[in-house]
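There are 2 protein chains.
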Amino acid sequence: MAVARHETIAHAGPNTLFVGSVEKGFAVLHAFRTGQRELGLRDLSLSQISELSGLDKSASQRFTNTLVQLGYLEKDERTRRYRPALGLIDFYYTYLVSSRLAEIAMPRLIEASKTHGTTVNLCEPDGTDIIYTIRVPHQKAFFRATIPGRRMPAFCTAPGLVILANRNKQEVETIIENSKLVQMTEWTVIEPKAIRKRIEQARRDGYIISSQQSMAHEISTAAPVVDSDGRAFAAVQIPVYMPEWTTDMIEEKIVPLVIETARAISGSYFSES
Amino acid sequence: MAVARHETIAHAGPNTLFVGSVEKGFAVLHAFRTGQRELGLRDLSLSQISELSGLDKSASQRFTNTLVQLGYLEKDERTRRYRPALGLIDFYYTYLVSSRLAEIAMPRLIEASKTHGTTVNLCEPDGTDIIYTIRVPHQKAFFRATIPGRRMPAFCTAPGLVILANRNKQEVETIIENSKLVQMTEWTVIEPKAIRKRIEQARRDGYIISSQQSMAHEISTAAPVVDSDGRAFAAVQIPVYMPEWTTDMIEEKIVPLVIETARAISGSYFSES
DNA sequence: CAACATGTGTTAAATAATAATACAACTGAA
DNA sequence: TTCAGTTGTATTATTATTTAACACATGTTG
């Protein structure tokens, strides 16, 4: 049982320096993300939380109560349901404010978004995913697609692929192997060979244009942000939409903008410190 | 001692339904926010974490380790310092994706930002603060001032004051009483009488223009987002900067835009459900 | 209205978190 | 380079804190 407690949730943090209660608290918070994705629910009942987090009823009760007291969840006393509360926003601020990358990138992303009136995003890799770190929105889009913190698979997104293009082959293989290669749209490329080819192409070009790979009508262009060794640790991405934009227009206007913005960020990043 | 454990950090969660370890985990994360604000540090050593969080060395060690394993902190093995990690971004997503307000507001804020090429923000009240929930940035500004999750005192910000203008008097008094009335700039109004007057004015007008109250050269305009009882629970805010914008221009262009955007959000909010 | 599901509160039991300690690794001054 | 001081790491016995089971209350649905 002493071990089972950790196994249940995720890791084996087998040593005495791992506090399981912290993990369980976060498990409750994550239940809301999966609850939204899988069940489409904004708020969850105690038993749903229990289900989604893998904690038993008693534990769910204690952690939920704790999170309410701390201001990370709020409870609707009428429906007895819980939902994420404003306190959670603090962590995004905490992350960004201590990120040198974000500080350098922000003004350049804003500038870039004004050039052609497009959305401009900064993405960072996390395992087999990329995460949208900063978004400067300009077009309306499907709500979830406009929120910072959104995760997408690296293998089928422009930012994911340009980042892989500037990583060594072993890393690329590891990511491809561990990715769930699922179709996001009917055009999504999921054959490892074809994916490697696209990465190869992106490495030669220094950018990538990715059409309808993760969302219909969306064409996504991205270029890598690299450190002094040429290793990518982020990407600048600009999405545009299909009837209005053609590949020719993108090649002419978006590609140079994306490349230049990414290069400027890379440059400042390792010159300033 | 049994009690002291809770007292140390913050609350009295005196019952058995409160899990102290969760609070301590968050205390470590918050140390980074205060560390950034008070010491200007991006990363913290173990002893700094201990200092800032109020946890002893052993506890800091355990919680820090736990948070690293969970992906919320990362450790630079060379300098032995810790910093916030990418995992923290998940919570912003979790909050926004389950917020009906955010979903309704997002497209309207984007639209509004294009009208005159200005930044447009959505703010929500939290105790004596307001928090910038969604930002659609258009102008470059002091980095920290551009990040979602930023907190500002309600009493000296346009969004704070318009929200108070649409709350009952008791709530207003409570907030004023509990606020630390400090000068943010040399023009900040900090006398309770004068603050009440500004709130009164904002109630009559349905909006507020606030000049250099929290930042030099910044003029901030805001209008309330209200529920079906007329109670404000958010605000739309547009900041503009001083040489370029004059009060007349703001009255003419920004005020109607802010009011209309806030009204549209309010309308959708309680019509859709 | 009954049967069921879900939420709430309390408890004894013992696991998992604690804080003290000792050791190791840096840091910088002499 | 050495040494003192500081900071980080690892281990442990102790027990306070979390646990899970239970019983009760409340709401929900056929």
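Heads up: the protein sequence lines correspond to chains A and B, in order. Using my numbering, read the first sequence as starting at 2 and increasing by one per residue. Using my numbering, read the second sequence as starting at 2 and increasing by one per residue. Backbone N, C-alpha and C define an ideal beta-carbon position, used for all residues, glycine too.
Between T134 (chain A) and I255 (chain A), the CB-CB gap reaches or exceeds 9 angstroms. Under the DSSP assignment, K254 (chain A) falls outside any alpha helix (DSSP H); it carries neither an H nor an E label. With respect to chain A, the C-beta atom of N169 (chain B) has no partner C-beta closer than 9 angstroms. In the three-state reduction of the DSSP assignment, N122 (chain B) falls in the strand class, which pools E and B.
Between I50 (chain A) and F33 (chain A), the alpha-carbon positions lie close to 8 angstroms from each other. The DSSP assignment places complete beta strand (DSSP E) segments of no fewer than 3 residues inside the segment 125-154 of chain B at 130-137 and 152-154, in order along the chain.
Taking a 10 Å sphere around the C-beta of M250 (chain A), we find fewer than 16 other C-beta atoms and assign the residue as exposed. L68 (chain A) and Y96 (chain B) have their C-alpha atoms some 14 angstroms from each other. Per the C-alpha coordinates, the member of B:K141, B:S59, B:I105 and B:Q171 positioned closest to I266 (chain B) is B:I105. At a C-beta separation below 7 angstroms, E104 (chain B) has these neighbours in chain A: F144. Distance from L102 (chain B) to A236 (chain B) at the Cβ level is roughly 11 angstroms; contact not present, criterion being Cβ atoms closer than 8 angstroms.
Straight through space, the alpha carbons of V241 (chain A) and P160 (chain B) are spaced by roughly 33 angstroms.
Residues C124, P126, I131, A155, P225, A233, F234, A235 and A236 of the same chain have their beta carbon placed closer than 8 angstroms to that of I164 (chain B), with the five preceding and five following residues left out of the count. Contact note: P138 (chain B) reaches chain A through I111 and V137, using a C-beta cutoff of 7 angstroms and chain order.
If the five residues before and after D57 (chain B) are omitted, its C-beta is found closer than 7 angstroms to the C-beta atoms of S51, all from its own chain and listed in chain order.
The Cβ atoms of N122 (chain A) and I239 (chain A) lie closer than 9 angstroms to each other.
Ranked by Cα distance from T247 (chain A), the first of A:S212, A:I260 and A:P257 is A:S212.
Taking a contact as a CB-CB distance under 8 angstroms, the pair Y73 (chain A) and G150 (chain B) does not count as one, their CB atoms being some 13 angstroms apart.
Only residues of its own chain outside the window of five on either side were considered, and among them F156, P193 and I196 have a CB closer than 7 angstroms to the CB of I177 (chain A), listed in chain order. Counting of Cβ neighbours within 10 angstroms places V98 (chain B) among the buried residues, the total reaching 16 or more. Under the three-state reduction of DSSP, L40 (chain A) is assigned to helix.
L45 (chain A) is bridged by DSSP to A:Y83. Rounded to whole angstroms, the separation of the alpha carbons of A146 (chain A) and K181 (chain B) is 38 angstroms. Per DSSP, the unbroken alpha helix (DSSP H) holding L30 (chain B) starts and ends at G21 to T35.
For S114 (chain B), the CB contacts under 6 angstroms within the same chain, skipping 5 residues up- and downstream, are V121, V137 and H139 in chain order. Collapsing the DSSP output to three states places P225 (chain A) in a strand.
In its chain, beyond the 5 residues on either side, R109, A113 and V237 have a beta carbon closer than 6 angstroms to the beta carbon of T262 (chain B).
Here L18 (chain A) carries a coil assignment [DSSP, helix/strand/coil]. Counted as a single uninterrupted DSSP element, the beta strand (DSSP E) harbouring F234 (chain A) occupies residues A233 to Y242. Proximity of Q70 (chain B) to chain A, defined by a Cβ-Cβ separation below 9 angstroms, is satisfied. Interface criterion not met: the Cβ of L258 (chain B) is under 9 angstroms from no Cβ in chain A. Sequence-ordered contacts of the segment 80-99 of chain B with chain A read R84, P85, A86, L87, G88, L89, I90, D91, F92, Y93, Y94, T95, Y96, L97, V98 and S99 [C-beta pairs closer than 9 angstroms]. Using a Cβ-Cβ cut-off of 7 angstroms, S22 (chain A) is close to V20, S22 and V23 of chain B, given in chain order. Look at E75 (chain A) here: in three-state DSSP terms it is strand.
In the assembly as shown, D228 (chain A) is an exposed residue. Its beta-carbon has fewer than 16 other beta-carbons within 10 Å.
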